[in-house]
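To start, the structure itself, in structure tokens.
There are 2 protein chains.
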Amino acid sequence: MSQGSGKTPSKRPLTLRDVSEASGVSEMTVSRVLRNRGDVSESTRGKVLEAARALGYVPNKIAGALASSRVNLVAVIIPSMSNMVFPEVMTGISQILDDTELQPVVGVTNYKPEREETVLYQMLSWRPSGVIIAGLEHTEAAKAMMGAAGIPIVEIMDTDGEPIDSAVGISHRRAGRKMAQAIIDAGYKRIGFLGTKMPLDHRARKRFEGFTEILAKAGLEIADSEFYSGGSALAKGREMTEAMLQRNQEEPLDFLYYSNDMIGAGGLLYCLDNGIDVPGEIGLAGFNGIEFLDGLPRKLATMDACRVEVGRAAAEIIAKRVENPDAPGGEIITLEPSLEFGDTLKRKKKPL
Amino acid sequence: MSQGSGKTPSKRPLTLRDVSEASGVSEMTVSRVLRNRGDVSESTRGKVLEAARALGYVPNKIAGALASSRVNLVAVIIPSMSNMVFPEVMTGISQILDDTELQPVVGVTNYKPEREETVLYQMLSWRPSGVIIAGLEHTEAAKAMMGAAGIPIVEIMDTDGEPIDSAVGISHRRAGRKMAQAIIDAGYKRIGFLGTKMPLDHRARKRFEGFTEILAKAGLEIADSEFYSGGSALAKGREMTEAMLQRNQEEPLDFLYYSNDMIGAGGLLYCLDNGIDVPGEIGLAGFNGIEFLDGLPRKLATMDACRVEVGRAAAEIIAKRVENPDAPGGEIITLEPSLEFGDTLKRKKKPL
DNA sequence: CATGTGTATGTTAACGCTAACAGATTTGCC
DNA sequence: GGCAAATCTGTTAGCGTTAACATACACATG
Numbered sequence: 116m117s118q119g120s121g122k123t124p125s126k127r128p129l130t131l132r133d134v135s136e137a138s139g140v141s142e143m144t145v146s147r148v149l150r151n152r153g154d155v156s157e158s159t160r161g162k163v164l165e166a167a168r169a170l171g172y173v174p175n176k177i178a179g180a181l182a183s184s185r186v187n188l189v190a191v192i193i194p195s196m197s198n199m200v201f202p203e204v205m206t207g208i209s210q211i212l213d214d215t216e217l218q219p220v221v222g223v224t225n226y227k228p229e230r231e232e233t234v235l236y237q238m239l240s241w242r243p244s245g246v247i248i249a250g251l252e253h254t255e256a257a258k259a260m261m262g263a264a265g266i267p268i269v270e271i272m273d274t275d276g277e278p279i280d281s282a283v284g285i286s287h288r289r290a291g292r293k294m295a296q297a298i299i300d301a302g303y304k305r306i307g308f309l310g311t312k313m314p315l316d317h318r319a320r321k322r323f324e325g326f327t328e329i330l331a332k333a334g335l336e337i338a339d340s341e342f343y344s345g346g347s348a349l350a351k352g353r354e355m356t357e358a359m360l361q362r363n364q365e366e367p368l369d370f371l372y373y374s375n376d377m378i379g380a381g382g383l384l385y386c387l388d389n390g391i392d393v394p395g396e397i398g399l400a401g402f403n404g405i406e407f408l409d410g411l412p413r414k415l416a417t418m419d420a421c422r423v424e425v426g427r428a429a430a431e432i433i434a435k436r437v438e439n440p441d442a443p444g445g446e447i448i449t450l451e452p453s454l455e456f457g458d459t460l461k462r463k464k465k466p467l
Numbered sequence: 116m117s118q119g120s121g122k123t124p125s126k127r128p129l130t131l132r133d134v135s136e137a138s139g140v141s142e143m144t145v146s147r148v149l150r151n152r153g154d155v156s157e158s159t160r161g162k163v164l165e166a167a168r169a170l171g172y173v174p175n176k177i178a179g180a181l182a183s184s185r186v187n188l189v190a191v192i193i194p195s196m197s198n199m200v201f202p203e204v205m206t207g208i209s210q211i212l213d214d215t216e217l218q219p220v221v222g223v224t225n226y227k228p229e230r231e232e233t234v235l236y237q238m239l240s241w242r243p244s245g246v247i248i249a250g251l252e253h254t255e256a257a258k259a260m261m262g263a264a265g266i267p268i269v270e271i272m273d274t275d276g277e278p279i280d281s282a283v284g285i286s287h288r289r290a291g292r293k294m295a296q297a298i299i300d301a302g303y304k305r306i307g308f309l310g311t312k313m314p315l316d317h318r319a320r321k322r323f324e325g326f327t328e329i330l331a332k333a334g335l336e337i338a339d340s341e342f343y344s345g346g347s348a349l350a351k352g353r354e355m356t357e358a359m360l361q362r363n364q365e366e367p368l369d370f371l372y373y374s375n376d377m378i379g380a381g382g383l384l385y386c387l388d389n390g391i392d393v394p395g396e397i398g399l400a401g402f403n404g405i406e407f408l409d410g411l412p413r414k415l416a417t418m419d420a421c422r423v424e425v426g427r428a429a430a431e432i433i434a435k436r437v438e439n440p441d442a443p444g445g446e447i448i449t450l451e452p453s454l455e456f457g458d459t460l461k462r463k464k465k466p467l
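Order-wise, the sequence lines are chains Z and S.
Each residue of the first sequence is one higher than the one before, counting from 116 in the working numbering.
Each residue of the second sequence is one higher than the one before, counting from 116 in the working numbering.
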């Protein structure tokens with residue numbers, strides 16, 4: 116059984132040397148052909164490509180990266196893949212990186228700081244060209260690693276704090292304030308809050324802080340609140356809404372602010388099912404502007420977190436700095452979250 | 116400005132040698148400590164760990180992988196991240212791999228065969244320990260690469276066809292047949308189909324084929340169908356449903372079969388909004404069993420694709436074969452999709 | 001005390017590729 | 001024709017780590 120162009124999945128993996136022998140040129144020339152680098156005559160290029168194809172050679176990037184100390188990976192570290200927000204960020208990142216040599220590699224932390232630390236460590240051990248990481252809150256060790264890595268770091272989704280290097284996102288405090296103002300302007304008074312358990316989600320916490328801050332300025336307080344843990348789920352939103360409305364019957368709430376669109380949508384469906392007049396009897400709002408809200412019977416008020424744009428901007432920062440390594444860095448891009456009133460939040464009452 | 120434990124992000128990246136010098140032992144010993152391999156005395160272990168920590172050393176896996184020819188990565192190649200099905204598969208994969216040295220790396224193909232081919236090529240060039248790839252349909256070149264890679268390959272989500280190596284999934288043809296049978300048993304007659312444009316999605320196509328096959332046996336045909344491209348969206352489901360019901364007014368449909376739950380949910384919401392009696396006047400069913408159906412006003416009939424389980428089983432195959440490289444391979448695991456009637460599909464009529 | 005058995009460390013040579021330089025050959029141009 | 005520049009190809013020496021082997025020393029054993 117000859118080794119030549121046979122289909123025998125030979126034991127020893129193929130190397131440049133095999134291609135070089137098959138095509139009668141040096142390994143270096145093969146390397147040049149396969150990377151389109153340097154001048155190679157058309158004839159040898161042809162020979163080499165044919166040999167590589169015939170053998171089924173796939174270059175070994177491990178060796179290549181070690182030799183050239185260029186690793187075209189961008190580490191993307193996010194809390195979760197299953198809540199519709201990060202896939203969109205990924206879309207933005209890919210849109211930009213697809214036009215470069217860079218390739219995203221994602222790691223998921225499940226909102227756990229220690230997990231984030233180990234994921235980061237794992238990622239850095241592959242010596243990526245850059246890091247895109249969600250949030251500004253990290254363990255000390257994680258911050259130290261990123262500070263010392265000597266590569267561009269972009270913290271995304273949040274700009275309320277001090278980034279290690281660059282940051283792209285919205286101010287969640289501002290988002291919370293903005294929503295509170297709109298709710299107050301619309302004349303709502305007894306406001307309930309439904310959200311995730313906060314220590315796990317700094318951005319939700321910041322929104323909450325901004326939200327209560329503005330309420331306080333208007334002499335208002337959160338009338339009731341309910342927190343859950345776990346992913347954002349429609350059913351959870353229903354349950355929580357039911358529970359909250361139930362226990363506030365003698366002094367009914369007139370607005371519910373949800374920390375994400377998914378539970379907000381659950382709440383909306385609950386209200387509609389139970390003949391509650393939205394937004395007359397009760398107003399509702401979520402957060403994120405996720406696409407599927409468009410299909411709901413009524414469009415939930417929400418605030419867009421500019422997810423695709425965040426991904427794009429972050430990737431652009433990395434790409435720019437990879438291309439020009441001694442560019443400054445420390446860029447901070449704050450996007451403005453746009454309030455969408457939808458059909459569940461009345462417009463401003465007092466135009467005065 | 117001393118280099119020692121200073122915070123200066125030194126130009127030259129840290130290597131084992133730096134740690135070795137800082138702790139006064141050989142590089143080899145440092146390597147042993149950092150990998151917990153071989154015997155090292157407690158005292159030197161302590162010194163080394165301290166030095167490594169103080170310097171902020173992160174091992175270089177590129178070099179390590181090259182030297183040991185062990186790369187603990189598992190390539191996971193999937194069509195999309197944004198439709199709720201693959202994140203769940205990822206969950207299953209992580210559940211298993213988290214207990215091993217292996218780490219998943221995902222690549223997204225957007226349902227494009229050529230893109231799959233390049234993503235696969237990129238992945239293989241990192242010499243992963245295994246590949247988990249969605250579907251059984253690939254370009255010839257992709258199949259060749261996988262066949263020659265000399266690593267375990269697990270094709271997931273589908274078992275209607277010949278896998279390259281191992282496969283884990285459900286039979287989509289069978290899923291389609293099963294759903295058709297349930298619909299026929301319930302007494303529905305004029306059935307509409309709403310789905311994705313098929314060439315892009317082989318599994319949806321196979322379900323459709325199984326579906327029509329059983330209809331044919333019962334002397335039935337699809338009465339109308341509508342296809343769209345793009346992600347699965349609630350709003351799309353609404354639109355399509357409206358259009359389809361509209362144009363079949365003189366001879367109304369009594370069942371709509373959707374190729375995924377998201378458009379199915381859109382259709383359900385449309386029907387409810389328009390006071391259509393579900394499942395009396397019209398029955399509905401989707402596919403996938405995604406979690407958020409639980410929060411809808413009425414539960415959509417669906418068929419579970421066992422996504423988490425598929426991920427787990429696939430990861431287990433890889434893990435097993437990495438641990439024991441000369442295990443046989445070629446395993447095929449066919450899971451049974453379970454039909455969930457929900458509230459939108461009547462139970463069997465004729466108990467005879 | 002010679003011998004064996006650990007335990008703890010160090011040395012050497014890859015792993016597969018590419019940067020940097022060095023030849024060899026051709027081409028252009030006065 | 002001669003010399004520089006351009007084009008093509010090859011050689012050498014790593015990249016940072018680990019496998020495999022070699023060494024050194026301690027301790028037990030009969």
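Idealized CB from N, CA, C, for every residue including glycine.
>> Quick check on the DSSP output: what are the complete beta strand (DSSP E) runs of length 3 or more inside the region 277-342 of chain Z, in order along the chain?
In response: 281-285, 306-311
> Hey, Leu309 of chain Z and Gly245 of chain Z: beta-carbon distance below 8 Å or not?
Replying inline: no
> Can at least three beta-carbon pairs, one atom from the region 337-354 of chain S and one from the region 171-181 of chain S, be found at a separation below 8 Å?
Replying inline: no
>> 8 Å is my cut-off, CB to CB: does Arg152 of chain S come that close to chain Z?
In response: no
> Three-state secondary structure (DSSP) at Phe402 of chain Z?
Replying inline: coil
> Which full runs of the beta strand (DSSP E) of 3+ residues lie inside the region 201-245 of chain S, going along the chain?
Replying inline: Listed in chain order, the complete beta strand (DSSP E) runs (minimum 3 residues) inside the region 201-245 of chain S are 218-223.
> Is the CB of Asn175 of chain S under 8 Å away from at least one CB in chain Z?
Replying inline: yes
>> My parser needs the beta strand (DSSP E) runs of 3 or more residues fully inside the region 356-440 of chain S; what are they?
In response: 370-373, 398-400
> What residues of chain S sit near Ala180 of chain Z, judged by a beta carbon separation below 7 Å?
Replying inline: Ordered by position in chain S, the residues that pass the 7 Å Cβ test against Ala180 of chain Z are Ile177.
> Quick one: any contact between the region 419-436 of chain Z and the region 370-377 of chain Z, if contact means 3 or more CB pairs under 8 Å?
Replying inline: no
> From the beta carbon of Glu438 of chain Z, is the nearest beta carbon of chain S less than 8 Å away?
Replying inline: For Glu438 of chain Z, the answer is no, since every Cβ of chain S falls outside 8 Å of its Cβ.
> Would Ala416 of chain S be called buried (16 or more neighbouring beta carbons within 10 Å of its own) or exposed?
Replying inline: buried
>> Using the Cβ count rule (16 or more neighbours within 10 Å means buried), how would you classify Gly119 of chain Z?
In response: Only weak support is given to the placement of Gly119 of chain Z: the predicted model assigns it a pLDDT of 38, under 50, and the question is left unresolved by the model.
> In chain order, what residues of the same chain have a beta carbon less than 7 Å from the beta carbon of Ala85 of chain S, not counting five sequence neighbours either side?
Replying inline: Since the displayed chain S opens at 116 and closes at 467, residue 85 of chain S lies outside it and no answer follows.
> If you measure beta-carbon to beta-carbon, which residues of the region 235-251 of chain Z are closer than 9 Å to chain S?
Replying inline: Against chain S - using a Cβ distance shorter than 9 Å - the residues of the region 235-251 of chain Z are Tyr236, Gln237, Leu239, Ser240, Trp241, Arg242.
> For Met261 of chain Z, does the three-state DSSP call read helix, strand or coil?
Replying inline: helix
> Expressed to the nearest angstrom, what Euclidean distance is found between the alpha-carbon atoms of Val191 of chain Z and Ile208 of chain S?
Replying inline: 19 Å
> When we look at the beta-carbon of Ser184 of chain Z and count the other beta-carbons within 10 Å, is it buried (16 or more) or exposed?
Replying inline: exposed
>> Nearest by alpha-carbon distance to Ile266 of chain S: which of S:Ile448, S:Gly395, S:Arg436, S:Ser453 is it?
In response: S:Arg436
>> Does any residue of chain Z have a CB that is nearer than 8 Å to the CB of Gln364 of chain S?
In response: no
>> Pairs of beta-carbons, one from the region 158-171 of chain Z and one from the region 133-140 of chain Z, closer than 8 Å: are there three or more?
In response: yes
>> Counting only Cβ pairs nearer than 7 Å, list the residues of chain Z close to Pro412 of chain S.
In response: Leu384, Asp388
>> For Glu424 of chain Z, would you say it is in contact with chain S, using Cβ-to-Cβ distances shorter than 8 Å as the test?
In response: No, no contact with chain S.
> Cβ of Pro443 of chain Z less than 8 Å from any chain S Cβ?
Replying inline: no
> Exposed or buried, which one is Pro314 of chain Z when buried takes at least 16 other CB atoms within 10 Å?
Replying inline: exposed
> Got a sec? Which residues, its chain only, sit under 7 Å from Asn187 of chain S by beta carbon, not counting five neighbours each side?
Replying inline: Excluding sequence neighbours, Asn187 of chain S sits near Glu216, Leu217, Gln218, Ser244.
> Which whole-angstrom value describes the C-beta separation of Ser344 of chain Z and Lys312 of chain Z, a residue pair presumed to lie in contact below a C-beta threshold of 8 Å?
Replying inline: 5 Å
>> Can you tell me which residues form a DSSP beta bridge with Thr449 of chain S?
In response: S:Gly284
>> I'd like to know whether the C-beta atoms of Val393 of chain S and Glu203 of chain S end up nearer to each other than 8 Å.
In response: no
> What does Ser197 of chain Z reach in chain S if we use C-beta pairs closer than 8 Å?
Replying inline: Here the neighbours are Met199, Pro202, Glu203, Thr206.
> For Met116 of chain S, which three-state DSSP category applies?
Replying inline: Only weak support exists for where Met116 of chain S lies, its pLDDT of 36 falling under 50; the coordinates are left without a value.
> Leaving out five residues before and five after Ser453 of chain S in sequence, what residues of the same chain have Cβ atoms less than 6 Å from its Cβ?
Replying inline: Asp419
> On the three-state DSSP scale, how would you describe Glu455 of chain S?
Replying inline: strand
>> Is there a C-beta anywhere in chain S that falls below 8 Å from the one on Met260 of chain Z?
In response: yes
> Mind checking Thr459 of chain S: buried by the 16 CB within 10 Å criterion, or exposed?
Replying inline: buried
>> Between Arg353 of chain Z and chain S, is the shortest Cβ-Cβ distance under 8 Å, so that the two count as touching?
In response: yes
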